[in-house]
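In the numbering used here, the protein residues as written are 19 to 156.
Ideal placement from N, C-alpha and C gives every residue a C-beta, glycine not left out.
Report on the structure given below.
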Amino acid sequence: LAAGHVVNRVTFGERLADRQGVRWMFADCAAEIYKARLMLLHIAYKAEKGMDLRQENGIAKVFLANMVHQVVDTALQLHGALGYSHDTPLARWYTAVRSQRLVDGPDEVHRWRTGANVIKAFEKYGTTASACGGELFD
Numbered sequence: 019l020a021a022g023h024v025v026n027r028v029t030f031g032e033r034l035a036d037r038q039g040v041r042w043m044f045a046d047c048a049a050e051i052y053k054a055r056l057m058l059l060h061i062a063y064k065a066e067k068g069m070d071l072r073q074e075n076g077i078a079k080v081f082l083a084n085m086v087h088q089v090v091d092t093a094l095q096l097h098g099a100l101g102y103s104h105d106t107p108l109a110r111w112y113t114a115v116r117s118q119r120l121v122d123g124p125d126e127v128h129r130w131r132t133g134a135n136v137i138k139a140f141e142k143y144g145t146t147a148s149a150c151g152g153e154l155f156d
């Protein structure tokens, strides 16, 4: 949606798609989406192997909800006032994805539990690897 808009939108004689700052915004979104895909593949791998997913679920819940919120916010920003209108689905998406940060408990609860697990792993094993996906490399 946003890519189609910036390719066609011209301001001050230049396409939005040709502006450095706009390209950086797309690069940031692409990196976040890529990280999300890798995270989900890691979780799927662990699920197939019957491994414990509690730590990854907490990390993913916070990361993915915030990532989607940021990507939709960026798309809305790139559309300007049009993005906030009812002429695109962006304003509706923005409201919908914000609620995902509250599902199954707010971010702060998941971050607290995740951080506690990192400390616990270090105290038990002398490394944080088991709380950060490192068990795949053993």
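Three-way DSSP call (helix, strand, coil) for residue i in this model
i, result
"Arg33", "strand"
"Ala139", "helix"
C-beta contact flag for residue i and residue j at 7 Å
i, j, result
"Ile77", "Thr132", "yes"
"Ala20", "Ala93", "yes"
"Leu96", "Ala54", "no"
"Val136", "Thr146", "yes"
"Leu50", "Met85", "Going by the sequence as given, residue 50 is Glu instead of Leu. Taking 7 Å as the Cβ cut-off, Glu50 and Met85 qualify as a contacting pair."
"Val25", "Val40", "no"
"Gln73", "Ala134", "no"
"Gly101", "Leu108", "yes"
CA nearest to the CA of residue i, picked from the options
i, options, result
"Arg129", "Thr113, Lys79 and Glu32", "Lys79"
"Val115", "Gln88, Ala62, Arg27 and Ala99", "Gln88"
"Leu58", "Asp70, Met69, Asn75 and Gly68", "Asn75"
Residue i beta carbon near the ligand MN (any heavy atom closer than 6 Å)
i, result
"Val24", "The ligand MN is absent from the structure shown, which contains no ligand whatsoever."
Quick one: any contact between the region 82-92 and the region 40-56, if contact means 3 or more CB pairs under 8 Å?
yes
What are the uninterrupted segments assigned as alpha helix (DSSP H) that are 4 or more residues long and contained completely in the region 93-133, given in chain order?
99-102 and 108-117
Restricting to runs no shorter than 3 residues, where is the beta strand (DSSP E) found entirely within the region 65-93?
none
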